[in-house]
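Each residue of the sequence shown is one higher than the one before, counting from 173 in our numbering.
Don't be surprised by glycine CBs; every beta carbon is placed ideally from N, CA and C.
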Amino acid sequence: MREELKDVKRISIVGGPGTGKTTLAQRLSNILKIPATHLDSVNFKPNWEKIPTEERDNIILEKSKEEYWIIDGNYVGTLGERLERADLVIWLDYSTINIIKGVLERTIRNFNKEKKELPGCKERIDWHFLKYMITFRIKKRRKIEENINKIAKEKVIIFYKRKELNKWLADIQNKAN
């Protein structure tokens, strides 16, 4: 096992849409035998109906108090608390073009299919989500960076490209076998 994962109990995964946060969380969960929580599944009911923000944030904060977890998602309202509790933060800091590419590939591959981690929600792109992914690095990235620099600078691994992440993950998988 890679040295950086030796004593890890809690991992927070952040990054733009389409960067593979949920896939990474599930793969690490399988390797490390730590339960994964996908914050989109906390935020949405079937048919993309949003859970009230206060209720969602309370669920996230309770989950972050557990001893073992991998939590993927940004939701900056609770990001500080998650970063404080995390032993490791993985930031998928991809370019806007790679964010768009990831979302388009996922959408084409799974269009109108129910998302495994979001029962009752089918893969789609709407104007709101399109705007979110295009403006993510301008509007949301700064908040993530500020939180990481303030709280978790010593425990963050940053990946700028999928290739880097896949190499790191393959190394972890090989050492786990």
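By Cβ distance, which residues of its chain are closer than 7 Å to Arg174, with the 5 residues on each side in sequence left out? For the purposes of this step, residue 174 is identified with residue 2 of the sequence shown, where counting begins at 1. The predicted position of Arg174 is uncertain, since its pLDDT is 49 and thus under 50; no value can be drawn from it.
Among Ile231, Ile183, Phe331 and Val261, which residue has its Cα nearest to the Cα of Thr250? Translated into the one-based positions of the sequence shown, residue 250 becomes position 78. The shortest Cα separation from Thr250 among Ile231, Ile183, Phe331 and Val261 belongs to Ile231.
Taking a contact to mean a Cβ-Cβ separation below 8 Å, would you say Tyr266 touches Lys333 in this structure? Here residue 266 refers to the residue found at position 94 when the sequence shown is read from its first residue. Here residue 333 refers to the residue found at position 161 when the sequence shown is read from its first residue. For Tyr266 and Lys333, yes; Cβs fall inside 8 Å.
If you measure between the beta carbons of Lys193 and Gly187, is that distance less than 8 Å? For this step, residue 193 is matched to residue 21 along the sequence shown. For this step, residue 187 is matched to residue 15 along the sequence shown. Going by C-beta atoms, Lys193 is nearer than 8 Å to Gly187.
By the three-class DSSP mapping on this structure, what secondary structure does Gly187 have? Mapped onto the sequence shown, residue 187 falls at position 15. It is a strand residue.
Which of the three DSSP states, helix, strand or coil, is assigned to Arg313? Taking the sequence shown and counting its residues from 1, the one referred to as residue 313 is at position 141. Arg313: helix per DSSP, three-state reduction.
Report yes if the CB atom of Val275 is closer than 8 Å to the CB atom of Pro189, and no otherwise. For the purposes of this step, residue 275 is taken as residue 103 along the sequence shown, with counting starting at 1. For the purposes of this step, residue 189 is taken as residue 17 along the sequence shown, with counting starting at 1. Contact: yes.
Nearest residue (CA-CA) to Lys297, options Thr195, Ile242, Asn202 and Ile280: As a position in the sequence shown, residue 297 is number 125, starting the count at 1. For clarity, residue 297 is Ile in the given sequence; the question names Lys instead. When each option's Cα is compared against that of Ile297, the closest is Ile280.
For Lys205 and Arg199, what's the separation of their Cα atoms in angstroms? To locate residue 205, count along the sequence shown from 1; it is residue 33. To locate residue 199, count along the sequence shown from 1; it is residue 27. Near 10 Å, if we compare the C-alpha coordinates of Arg199 and Lys205.
Could you tell me how far apart the beta carbons of Ala197 and Val261 are, in whole angstroms, since I believe they sit closer than 8 Å? Indexing the sequence shown from 1 puts residue 197 at position 25. Indexing the sequence shown from 1 puts residue 261 at position 89. 13 Å between Cβ atoms; not a contact.
Check whether the Cβ atoms of Asn338 and Gly292 sit closer than 8 Å, and answer yes or no. Start at 1 with the first residue of the sequence shown, and residue 338 comes out as number 166. Start at 1 with the first residue of the sequence shown, and residue 292 comes out as number 120. No. Outside cutoff.
Considering only residues of the stretch 270-299, which uninterrupted beta strand (DSSP E) runs meet the minimum length of 3 residues and lie entirely inside it, listed in chain order? 290-294
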